[in-house]
Amino acid sequence: MSHGFELNPAEAPAAAGAPAATGVAGLLHRLNGLLIAISMIAMVVTALLLTYSVISRYFFHAPTDWQDEMSVFMLVGVTFFSAAHVQARRGHIGIEAVAAILPASVNRIRLWLVDLISFLFCAFFTWKSWTLCHEAWADGQTTSSTLAPPLWIPYSLMAIGMTLLTLQILLQLFARESTARKAA
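Last residue of the sequence shown: number 184 in full-length UniProt numbering, and the count goes up by one each step with no gaps.
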């Protein structure tokens with residue numbers, strides 16, 4: 001089983017013989033690095049907000065309903081903004097028991113199918129996320145709290161993150177296909 005923390009640092013996937021794909025992969029790699037830095041800062045800010053909320057409510061009996069939504073919005077951003085970076089490292093938890101017993105040729109097909117199914121699912125999720133974002137923007141949807149921030153904010157964070165994840169998986173499929181053709 002792989003957990004991600006024992007993996008090597010992420011590198012832009014090489015797509016042999018495809019300069020455009022290599023350029024997109026390099027750009028995505030740099031963008032993922034920037035989003036990971038933003039995500040780390042957002043996690044610290046979220047922790048500070050939640051700590052402030054607990055202290056404020058416990059010691060001063062002051063309600064802080066705004067911090068719940070701020071924290072949730074930031075956690076949505078962190079989750080979706082970091083997904084493509086984790087995928088680039090192949091850092092999602094994977095069970096390798098099946099890979100260990102399969103012949104190499106069958107395992108290559110299994111990995112390709114997993115990437116293809118992941119791409120199709122993420123492409124659908126991306127489309128649905130952008131649809132939700134557009135509806136929230138067009139209809140002026142807000143949360144039901146007293147602060148009432150617009151819902152397009154978390155939906156846009158989700159849609160951007162899923163778009164990057166889908167692109168990352170597509171690049172990995174392309175790189176896998178390029179490597180397979182080169183080996184054949």
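Think of the CB as a built atom: it goes at the ideal place given N, C-alpha and C, for glycine as much as any other residue.
A distance of 7 Å or more separates the beta carbons of A136 and L113.
Under the Cβ criterion (8 Å, minimum of three pairs), the stretch 19-26 does not count as touching the stretch 63-77. The shortest CA-to-CA distance from F119 to any of T163, N32, F73 is the one to T163.
Looking at the DSSP output, T142 bridges to P150.
A Cβ-Cβ contact shorter than 7 Å links Q168 with A84.
Note on S144: under 16 other CB atoms within 10 angstroms of its CB, so exposed under the neighbour-count rule. Linking V78 to L132 through their CA atoms gives a straight-line distance of about 19 Å. In the three-state reduction of the DSSP assignment, H61 falls in the coil class, being assigned neither a helical nor a strand state. Inter-segment contact for the stretch 31-48 and the stretch 69-76 is present: three or more beta-carbon pairs are separated by less than 8 Å. Just so you know, the alpha carbons of F174 and L116 end up roughly 10 Å apart. Shown here for T126: same chain residues with a beta carbon closer than 6 Å to its own, the five before and five after excluded, namely M162, T163, T166 in chain order. Per DSSP, reduced to three states, the secondary structure at R108 is helical.
In this structure, M70 is the residue among R57, S39, M70 with its C-alpha nearest to the C-alpha of T146. Taking Y52 as the centre and dropping the five residues before and after it, the same chain places no C-beta closer than 6 Å to its C-beta. Under the three-state reduction of DSSP, L102 is assigned to coil, being neither helix nor strand. Judged by beta-carbon spacing, N107 lies beyond the 7 Å limit of A100, meaning their Cβ atoms are not closer than that value. Closest in C-alpha terms to L157, from the list L111, S129, A104, L171, comes S129.
By the Cβ neighbour-count rule, S105 is exposed, with fewer than 16 other Cβ atoms within 10 Å of its own.
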